[in-house]
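Residue numbers (the UniProt record's numbering): 1 to 262. Written out below as structure tokens is the structure these notes cover.
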Amino acid sequence: MVDQSRSRLSHQELWLSWKEAGDPDARKSLIEHYLPLVEYVSSRMAATLPKNVTKDDLASHGVMGLIDAIEKFDYRRGLQFETYASWRIRGAIIDGLRQGDWVPRSVREKAKKMEDAYGVLEQQHLRSATDEEVCAYLNITEKEFQQMLQEVAVAAVCSLEDPIREEESETRLSLLIDDKALNPESKVHETFLKETLTQGIGRLTEKERTVVSLFYYEDLSLSEIAEVMSLSPSRISQLHSKAILRLRGALAKQKDHLLQNR
Numbered sequence: 001m002v003d004q005s006r007s008r009l010s011h012q013e014l015w016l017s018w019k020e021a022g023d024p025d026a027r028k029s030l031i032e033h034y035l036p037l038v039e040y041v042s043s044r045m046a047a048t049l050p051k052n053v054t055k056d057d058l059a060s061h062g063v064m065g066l067i068d069a070i071e072k073f074d075y076r077r078g079l080q081f082e083t084y085a086s087w088r089i090r091g092a093i094i095d096g097l098r099q100g101d102w103v104p105r106s107v108r109e110k111a112k113k114m115e116d117a118y119g120v121l122e123q124q125h126l127r128s129a130t131d132e133e134v135c136a137y138l139n140i141t142e143k144e145f146q147q148m149l150q151e152v153a154v155a156a157v158c159s160l161e162d163p164i165r166e167e168e169s170e171t172r173l174s175l176l177i178d179d180k181a182l183n184p185e186s187k188v189h190e191t192f193l194k195e196t197l198t199q200g201i202g203r204l205t206e207k208e209r210t211v212v213s214l215f216y217y218e219d220l221s222l223s224e225i226a227e228v229m230s231l232s233p234s235r236i237s238q239l240h241s242k243a244i245l246r247l248r249g250a251l252a253k254q255k256d257h258l259l260q261n262r
């Protein structure tokens, strides 16, 4: 428990005490103050994951992300800590899930097949591929397609958090975070990625764009989005999965293009 004199310190004073003087009590106060962020992020992520992944598991990883955020945050830049910490917490949770190998290899393989299908078809037609076209490309029935969507839904929540390239730690969503002093090569790479994402989002169906916007930009859970759109949670999950698979397919094609033109 934080003592009364410590609790009366402003956030700025706590950051100053921790960062400039290395006061461990100030660090503890900051961790305790921002713990609700861990609860918030872990609750949102738990709603999209299998039932065998508990919120407590997510929160334990998230706390490590919060501590890492407090260690690395530069309060002098004037950025909002809550935004920075939320990404760190989410990243720590996803790292923990990856280490636990919570997504079966067969599910990842199915997701990759669907991702490739969307990438090829939408490059050919320069528009959003229909379910029927994807089924024909994969040589599966519509029922099998719907089942695959349900299975890969558990992996889709982490898709945009995956590294842009396997040998790097930078993620697609990290492009939304303010970075300092990007070198020219990184700037060009970032521009290509943003253009590709913009084009990919433009090819999503209206419902898919709505789900992506509400989930990633309005911070609604899938169950909350289901209420807003008057659809079932399973239908929202499918729309989210298809949107992410389309975007991953577009990014994969862009990556191939960049490699070929090096």
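Glycine included, every Cβ here is placed at the ideal spot set by N, Cα and C. Please read these numbers as outputs of a predicted model, since none were measured by experiment.
In angstroms with no decimal places, state the Cα-to-Cα distance between residue i and residue j.
{"i": "residue 123", "j": "residue 251", "result": "11 Å"}
{"i": "residue 208", "j": "residue 19", "result": "43 Å"}
{"i": "residue 152", "j": "residue 248", "result": "13 Å"}
{"i": "residue 45", "j": "residue 84", "result": "17 Å"}
{"i": "residue 13", "j": "residue 75", "result": "11 Å"}
{"i": "residue 97", "j": "residue 242", "result": "22 Å"}
{"i": "residue 61", "j": "residue 55", "result": "10 Å"}
{"i": "residue 17", "j": "residue 34", "result": "16 Å"}
{"i": "residue 134", "j": "residue 67", "result": "44 Å"}
{"i": "residue 105", "j": "residue 43", "result": "25 Å"}
{"i": "residue 57", "j": "residue 107", "result": "21 Å"}
Cβ of residue i within 9 Å of Cβ of residue j?
{"i": "residue 222", "j": "residue 233", "result": "yes"}
{"i": "residue 138", "j": "residue 113", "result": "yes"}
{"i": "residue 220", "j": "residue 228", "result": "yes"}
{"i": "residue 59", "j": "residue 39", "result": "yes"}
{"i": "residue 142", "j": "residue 132", "result": "yes"}
{"i": "residue 88", "j": "residue 110", "result": "no"}
{"i": "residue 128", "j": "residue 205", "result": "yes"}
{"i": "residue 237", "j": "residue 149", "result": "yes"}
{"i": "residue 30", "j": "residue 70", "result": "yes"}
{"i": "residue 90", "j": "residue 65", "result": "yes"}
Where do the ends of the alpha helix (DSSP H) carrying residue i lie?
{"i": "residue 62", "result": "55-72"}
{"i": "residue 27", "result": "24-46"}
{"i": "residue 105", "result": "105-125"}
{"i": "residue 129", "result": "From DSSP, residue 129 is part of no alpha helix (DSSP H); its letter is neither H nor E."}
{"i": "residue 230", "result": "Looking at the DSSP string, residue 230 is not in any alpha helix (DSSP H), and its letter there is neither H nor E."}
{"i": "residue 12", "result": "11-21"}
Would you say the beta carbon of residue i is closer than 8 Å to some non-hydrogen atom of the ligand FAD?
{"i": "residue 93", "result": "In terms of ligand content, the structure shown is empty, and the ligand FAD therefore cannot be addressed."}
Could you tell me whether the segment 116-132 touches the segment 77-89, using the rule of 3 or more Cβ pairs below 8 Å?
no
Which ranges would you report for the alpha helix (DSSP H) in the segment 195-224 if only whole runs of at least 4 residues count?
206-212
May I ask you to verify whether the segment 9-28 touches the segment 196-212, counting CB pairs closer than 8 Å and requiring at least 3?
no
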